[in-house]
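First comes the structure, then the notes that go with it.
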Amino acid sequence: MILGVPRERVATEHRVALTPAGARSLVHQGHVVVIESGAGRAARFADEKYADAGARVVYGTDEVFGRADLVIKVSALAAEEVPHLREGQAILAFHHLAAASRSHLEALLRRGVTLIGLEILEDSHGDAPVLHAMSEIGGQLAVGVAAHQLQTLSGGRGILLGGSIGIPPAHVVILGAGVSGVAAARRAVGNGAQVTLLDTSLTALRRADEIFGRGIVTEVSHLASVDRAVAYADVVIGAVLVRGERAPLIVTREVVRRMKPGAVIIDLAIDQGGCVETSRPTTLADPVFVEHEVVHCAVPNLSSAVARTASLALTYAALPFVETLAARGLDSTLMREPGFARGLYLYQGELVCPSVGRAFGLRATAIGEIVGAPQPMAPSAAAGRRP
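Taken in order, the sequence shown gives residues 1290 to 1676; the numbers are from our numbering.
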């Protein structure tokens, strides 16, 4: 199979979807890897390293898309990339299609392509290893960003996250006890903050309690508990995720108005539409804005701030999926790997993701009606691994 890695078109997207080590593995298995010159530069992976790994370095996006059977990238397809797509081609990326515009979805449907979402691909355990890898990095980064934004010159409350002798620490409220929420809690506790972790799942809260013990406060998330916790917080980290769905809105504008002046909101759910009513997407170059005297940070690709670490983590998590797909082909993989079938947004120009169908009021065809029902996997066929 020919696999193509284009240079990312989003100005502040510094990650690359495949490292030289990942390219070497695929070439060793007999595949052709075509990578656009400069694709790994921001993550400190030079063209020469890809060439040494056996990849073919080319100098135009059109050549990558023109040659590749499977395009591997990080960010969702940019508007200028859509015309390069050809019917029958597959694109593996963080598409976040449930939060995309209708015009973007319709343009993709017209191209007759297959979209595979890195954020919804599942392994044999039902986990999403690629999403988990990026979520863990994002959760860690969120605490560092919050600590910086709390400083006086950043427009924050002018308080130290961990407090000082005789001075209480900041109160960090984390909404969601999934991978990113737990990663944020671990970093916040390590910095001496007072942490309250909310989730609708008692199982998730019990797991967090086993990790942190009395180091954090856990609380069941409902309308009243969220409103109360957020209103008194110094930092709110929104780590709410419903895989493949638009993020639920759980912090209203009215609650934001009641927050302390200079408090900080980090909305990690912004790539899925955001879980705070006052959030809007920002960038690494211009990461914050102030509304109702509250500092907001809502960078969809926050892990791109540590592009090399994120690119390595992304490749480690995604490579087993890519290797399986390249070796078996798309239809055979879909027949044998249920996790791949659940990772599809579009199949050859047809919408097959129910959550996207609900978001746009469109009918989604079950993938089993097109290529047959996925068959149970043998243990050795499992793609990916637990993060």
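Note that the Cβ used here is the ideal one computed from N, Cα and C, for glycine as well. As the structure is a computational prediction, the values presented were derived from the model and not from experiment.
Range covered by the alpha helix (DSSP H) that runs through residue i
i: E1337; result: D1336 to D1341
i: V1583; result: Unbroken run through V1583 is the beta strand (DSSP E), V1583 to C1586; no alpha helix (DSSP H).
i: T1613; result: A1596 to R1617
i: T1441; result: Neither: T1441 is in no alpha helix (DSSP H) and is coded neither H nor E.
i: V1545; result: R1542 to R1546
i: I1454; result: No alpha helix (DSSP H) holds I1454; DSSP gives it neither H nor E.
i: L1512; result: L1512 to Y1521
i: L1628; result: Contrary to the premise, residue 1628 reads as Gly rather than Leu in this sequence. Run containing G1628: P1627 to A1630, per the alpha helix (DSSP H) assignment.
Simplified DSSP state of residue i, which is helix, strand or coil
i: R1652; result: coil
i: Q1561; result: helix
i: R1675; result: Reliability fails at R1675, whose pLDDT of 28 lies under 50, so the model's placement of it is uncertain and the value that follows must be treated cautiously. R1675: coil per DSSP, three-state reduction.
i: V1688; result: The structure shown does not extend to residue 1688, since the chain spans only 1290 to 1676, so no value can be given for it.
i: G1311; result: helix
i: A1368; result: coil
i: Q1483; result: strand
i: A1667; result: With a pLDDT of 39 at A1667, under the threshold of 50, the predicted position of this residue should be treated as unreliable, though the coordinate-derived value follows. In this structure, A1667 counts as coil in the three-state DSSP scheme.
i: R1446; result: coil
i: H1393; result: helix
i: G1533; result: coil
i: A1466; result: coil
i: A1497; result: helix
i: T1622; result: helix
i: D1351; result: helix
i: V1363; result: coil
i: E1325; result: strand
i: L1538; result: coil
i: V1478; result: helix
Of the residues the options, the one placed nearest residue i, counting alpha carbons only
i: E1534; options: P1418, R1400, S1593 and R1631; result: R1631
i: S1413; options: P1609, S1644 and S1621; result: P1609
i: D1488; options: A1466, D1575 and G1452; result: A1466
i: F1578; options: V1553, A1602 and C1564; result: V1553
i: T1613; options: Q1429, R1391 and Q1318; result: Q1318
i: S1644; options: Q1561, L1486 and A1574; result: Q1561
i: V1316; options: F1629, A1616 and L1651; result: A1616
i: E1370; options: G1377, H1393 and A1388; result: H1393
i: A1528; options: L1420, V1544 and G1628; result: L1420
i: A1518; options: I1500, L1538, E1499 and V1484; result: V1484
i: A1379; options: A1655, A1653 and D1620; result: D1620
First and last residue of the uninterrupted beta strand (DSSP E) at residue i
i: T1507; result: V1506 to V1509
i: Y1636; result: L1633 to Y1636
i: G1527; result: V1524 to G1527
i: D1556; result: V1553 to D1556
i: T1301; result: Looking at the DSSP string, T1301 is not in any beta strand (DSSP E), and its letter there is neither H nor E.
i: V1577; result: V1577 to E1580
i: G1293; result: I1291 to V1294
i: L1681; result: The structure shown does not extend to residue 1681, since the chain is modelled only from 1290 through 1676, so no value can be given for it.
i: L1404; result: T1403 to G1406
Rounded Cβ spacing between residue i and residue j (contact assumed at less than 8 Å)
i: V1583; j: M1624; result: About 50 Å separates the two Cβ atoms, so there is no contact after all.
i: V1588; j: P1576; result: 5 Å
i: C1564; j: L1464; result: 7 Å
i: L1374; j: F1354; result: 7 Å
i: G1329; j: G1445; result: So it is not a contact: roughly 35 Å between Cβ atoms.
i: H1437; j: A1522; result: The pair is not a contact, with the Cβ atoms about 17 Å apart (cut-off 8 Å).
i: G1427; j: S1469; result: 5 Å
i: R1304; j: S1600; result: 5 Å
CB contact check: residue i to chain B, cutoff 9 Å
i: S1424; result: Going by chain labels, chain B is absent from the structure shown, which holds only one protein chain.
Just checking, does the region 1333-1344 make contact with the region 1354-1370 on the three C-beta pairs under 8 Å criterion? no
Would you check if the region 1635-1642 and the region 1438-1457 touch, i.e. whether three or more CB-CB distances between them fall below 8 Å? no
Count the CB pairs spanning the region 1390-1401 and the region 1503-1518 that are closer than 8 Å, and state whether there are at least three. no
Within the chosen definition, does the region 1490-1505 reach the region 1600-1607 through at least 3 CB pairs nearer than 8 Å? No, the region 1490-1505 does not touch the region 1600-1607.
Three or more C-beta pairs below 8 Å linking the region 1566-1575 and the region 1405-1422: Put simply, the region 1566-1575 does not touch the region 1405-1422. Fewer than three CB pairs are less than 8 Å apart.
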